[in-house]
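Worksheet: one structure, shown below.
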Amino acid sequence: MKKKMKLLTSRAVLASALVILIMLVGILRILSTFFEFQQTIISQQEEQMLAVSKSVASSISIYINGYLSDMTVLRSSEEFVKGYWQFTQTGDGSALKDCLEEYTEVRPSTVTGLCLLNNNGRYVLGTAQAAQYAKRTIEHTSTQMLYFKDDAGSYCIGIALPVYQEHWLVCLLNISDMYQRIGSDIRMGTSGYVMIMASNGLILMHPSSREVGIDVVEGRRIRYADRDFTELAAVAERQKHGETGVDVYWSYDWMRPTNAKPVRKLCAYTPAPLRDDFMIVCTVTDYAAMLQPLHSSMGHMLGDVVMVFAGASGLLMILLYLQNSRRRVAEENRTLREVNSSLEELHAREEQIQHSQRLQTIGTLTGGIAHEFNNLLTPIMGYSGMMLQTLPEGSMLREDAQEIYTSAEKAKEIIQQITMLSRKSVGHTFTQIDLGKLSQRVEKITRSILPQNVTLEVRCAFDHAGVLGNETQLTQVVLNLCANAIGAIGTKEDGHLAIVGELIDAARLPNMVPPREGYSRYAVMRFSDNGCGIEPRLLERIFEPFFTTKKAGQGTGLGLSLAQSIVESHGGGITVESTQGVGTTFAVYLPVSNENVTLQPMVEEIPDLDRAPIVVVDNDPRILRMLERGLTEKGYSVTSFDHPVKAAEYLRGHFCAALVTDYSMPDMLGTNLAVIARGIQPGIRIIVLTGLIERDIVELKHREIIDDYLLKPILCEEVSRRLLQLLQV
């Protein structure tokens, strides 16, 4: 119980730590997003402020250039020209003054007045309002831009045009009125404003009248000597050079100049071109005030996030408590399921092991039975064969011997089928088989068993290619597959069976058919029907011995197993594809032989071999007597042994032309005796008799240690014929 409590406590602590970690990660993510958003807001604000500055600068340029155009027209007018010549010739300036007054009256209040200055900047004459400014302080940044200041400290902008290279016609524009028309209504947030300066840094327009008329840096430095103007001076220097840009810098709140606390500001500035001079338009706002709403929203959002995470943490703790209370039941159920699954898996493995043991037992039994039957059939076929050679035609004894021989041959075929269950590799005498002729024979046999409701289609293109194999076995495979296809079609009215053959390269073999070394081409025969098909769950079992889906008494379950054994013993493979309700296709792959095997003609009489000495070895006395008698009658000098050790001792002291030995013998296999014999007498001819072709037999024949092997049951005449072929080489 204590362990469980500790486990629950540790899980709760882990869950709490996980929630805190998730909350921290979430907050960091929110902060990262916030700073990205803040930077976006700042960039948008900078673009907006710069756009405002450019708009005001454009308005000022248009505004002032418009008055310059009006003055150009006035200077060229007849009234101005007559009044000016009258003034210069007679000194009477009344007409000229009336012309200037008339121009001022029809203009808005921005136009303070017009006046005439000499080349030294001295006032000559003008309207009454203009005289109040022009007779006092005059500042200029260029020949065409003048700034007039009255006794009250207010400024006017003077736009000057030359008159006959002797005087200057000046239009005075009220800066305050101009600012009210252009920039006073523009606000950037709660503390932003527009400020206009001359190109030399003189403040012309500002929301605070205290700032108008002083230098943006030096004037303020005089007023506030204890303050730092380093960053402001750097920005002002760029502005005086006519640059366009946006700067963040430390300055002061000039709307409340008594506040000596530095303020971070954002300023967007651009020049307003005026013929040969320019004015500077600045849009200024408090950096902190601009971001204050965003920071306030961020604080509220973080508070909400913390509250949400706190609520989620509490809910998670409740859920953990509920989950822990249910976990015990879930663990018990899972334990029971695991135990049940383990028992089911154990049961399935036991069934699989039992099935494998049954198959192994069947193979062992069939192999042993086949071996014993071969030993029994060999003397039966041997003696009956010798009787058939000696008995006259038409005699009753010959007919009896023929029946014995025929029955023994049938028994031989049955034994060969039984041996297929014991091993995948089944030994038979292989010859070169023409696939074209084989397909023709199969077609004839298949048509003979074909029901009326099934049509047969045969398309084989083998180009006289051949395979090395046993024709009887291959015919059995083909007929078995055709019979299965006809059975799957059943009584279907439009039944169809197609046999299609072709040659393919080894590279096109399916994965389940491994290529055989030394063979580059394969023959493939496909048997396709439109029958009922095979269920997917049964496909992997159809090649198992004794497995059948037919009713009791209708099938043994050996057909496909034997077919697979035969095809694989020929170095090929067999595959199947099936769809329920559509049909099934079996494909048989066989390696195409590159050598032409010709059969030796039957030798009816054995010529005199001068009593060639041969040794015959077999532990079965019946087979030994049969071989000794039959080979002696064929003209050989036969020495027989029932034990391989005795035969080996005899070979060490006597010359022998050939050795005929059984494979399976106690104390020593026939292949071991063959190796000993080849070492003693290198030129000896060796034949091994066996019921099954074992791997070591094939390897010794490939290494030319033995010359050939023959399958039991066998006739003395077959042994004699093969000995003759070997001894005549």
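Taking the working numbering, I'd label the letters of the sequence shown as residues 1 to 729.
Glycine residues also receive a C-beta, built at the ideal position from the N, C-alpha and C atoms.
Predicted model, so just to flag it, every value in this text is computed and none were measured.
Sorting 611, 107, 633 and 641 by C-alpha distance to the C-alpha of residue 617 places 641 at the top. For the pair residue 110 and residue 173, the CB atoms are nearer than the 7 Å cut-off. Here the C-alpha atom of residue 613 lies approximately 30 Å from the C-alpha atom of residue 409. Going by DSSP, residue 536 is part of the alpha helix (DSSP H) stretching over 536–539.
Per DSSP, residue 149 is one residue of the beta strand (DSSP E) stretching across 145–149.
DSSP places residue 174 within a strand segment (E or B) once states are collapsed to three. Contact between the region 685–692 and the region 710–729 is present: three or more C-beta pairs spanning the two stretches fall below 8 Å. In the structure shown, residue 107 adopts coil according to DSSP, grouped into three states. Of the candidates 164, 97 and 107, the residue whose Cα lies closest to the Cα of residue 131 is 97. Under the three-state reduction of DSSP output, residue 293 falls in the helix class.
Under the three-pair Cβ rule at 8 Å, the region 255–267 does not count as touching the region 291–301. Restricting attention to 583, 375 and 499, the CA atom closest to the CA of residue 620 is found in 375.
Burial of residue 713 is indicated by the presence of at least 16 other C-beta atoms within 10 angstroms of its C-beta. For the options 562, 272 and 231, the alpha carbon positioned closest to that of residue 252 is the one of 231. Look at residue 487 here: in three-state DSSP terms it is helix. By the CB criterion at 7 Å, residue 112 and residue 156 fall inside the cutoff. Shown here, residue 318 sits in a helix according to DSSP, grouped into three states. If you check the CB distance, residue 623 and residue 390 do not come in under 7 Å.
For residue 591, the number of other beta carbons within 10 angstroms of its own is at least 16, and it is reported as buried. The beta carbon of residue 678 sits closer than 6 Å to those of 705, all from its chain and outside the five residues before and after it, given in chain order. Relative to the Cα of residue 281, the nearest Cα in the group 439, 290, 196 and 293 belongs to 196. Of the candidates 121, 78, 168 and 100, 100 places its Cα closest to the Cα of residue 129. Cβ neighbours of residue 238 within its own chain (closer than 7 Å, five residues either side excluded): 245. As far as DSSP is concerned, residue 301 takes part in no beta bridge. Contact between residue 584 and residue 534 holds, since their C-beta atoms are separated by about 6 Å, short of 8 Å.
Scanning 331, 542 and 369 for the CA closest to the CA of residue 575 turns up 542. Buried is the label assigned to residue 52, since at least 16 other Cβ atoms lie within 10 Å of its Cβ. A straight-line Cα-Cα distance of about 28 Å links residue 638 and residue 699.
DSSP links residue 277 through a beta bridge to 274. If you compare the alpha carbons of 79, 572, 392 and 288 with that of residue 263, the shortest gap goes to 288. The beta strand (DSSP E) runs of length 3 or more contained entirely in the region 54–140 are, from start to end of the chain, 111–118, 123–126 and 137–140. Shown here for residue 481: same chain residues with a beta carbon closer than 7 Å to its own, the five before and five after excluded, namely 527, 563 and 586 in chain order.
Contact between residue 657 and residue 727 holds, with the beta-carbon distance rounding to 6 Å and staying under 8 Å.
Between the C-alpha atoms of residue 294 and residue 45 there is a straight-line separation of about 13 Å.
Rounded to whole angstroms, residue 394 and residue 579 show a C-alpha spacing of 58 Å.
Residue pairing of residue 681 in beta bridges, as defined by DSSP: absent, with no partner found.
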